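Residue numbers (this note's numbering): 192 to 339. No residue lacks a Cβ here, since even glycine has one placed at the ideal position from N, Cα and C. Model, not experiment: these values are computed from the prediction. Encoded as structure tokens, the structure appears first; notes follow it.
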Amino acid sequence: MPNVRKEIIVNAPPERVFAIAREVERFPAVMHDLKSVEVLEREGARTVSRWVSVAEIGPLSREVVWEEEEFWDEDALTGAFKLVKGDLKSYGGAWMFTPEGGSTRVVLDFDYEIDIPLLGAMVHKIIHQKMMDNCDSLLKALKRLAEG
Numbered sequence: 192m193p194n195v196r197k198e199i200i201v202n203a204p205p206e207r208v209f210a211i212a213r214e215v216e217r218f219p220a221v222m223h224d225l226k227s228v229e230v231l232e233r234e235g236a237r238t239v240s241r242w243v244s245v246a247e248i249g250p251l252s253r254e255v256v257w258e259e260e261e262f263w264d265e266d267a268l269t270g271a272f273k274l275v276k277g278d279l280k281s282y283g284g285a286w287m288f289t290p291e292g293g294s295t296r297v298v299l300d301f302d303y304e305i306d307i308p309l310l311g312a313m314v315h316k317i318i319h320q321k322m323m324d325n326c327d328s329l330l331k332a333l334k335r336l337a338e339g
């Protein structure tokens, strides 16, 4: 299963960055390929959300929809998420927010699997690059919101 792991330094305290990361419904305002994020349930440390993104690969464009369940640990400054249902076969990972001086090192690490029959190795490489680009975009959006 493919894995994506990216990190970024955010010039804000970990508690602030963590709190903003939990507000997933804010991300479409700062991410061009994310059409919407709707929070379906929010109770304590648990959130269930529905994400709608547009995947563009060359001239092709496709809407990708999924629901994920997130668990946030304020004491450890971590978050975990997993696919509930959607266009991905599997998807899950973790957020880590580590103090670094007056800043925060944010790590986003996830595995995914796309179930589209007959995709060749070249298309899988393109999709993997797109997943890495989306991860970068999400981390940069979080940085903009936290440093705002």
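(request) Could you tell me whether the Cβ atoms of P205 and F272 are closer together than 8 Å? (result) No, the Cβ-Cβ distance between P205 and F272 is not below 8 Å.
(request) Check each candidate in R296, Q320 and N325 and name the one with the smallest Cα separation from N202. (result) R296
(message) Using a 10 Å radius around the Cβ and a threshold of 16 neighbouring Cβ atoms, would you call V230 buried or exposed?
(response) exposed
(request) Using the Cα positions of R154 and C326, report the straight-line distance between them to the nearest angstrom. (result) Missing from the structure shown is residue 154; the chain here goes from 192 to 339 and no further.
(request) Evaluate S240 with the Cβ neighbour count: other Cβ atoms within 10 Å of its Cβ, from every protein chain shown; 16 or more gives buried, anything less gives exposed. (result) buried
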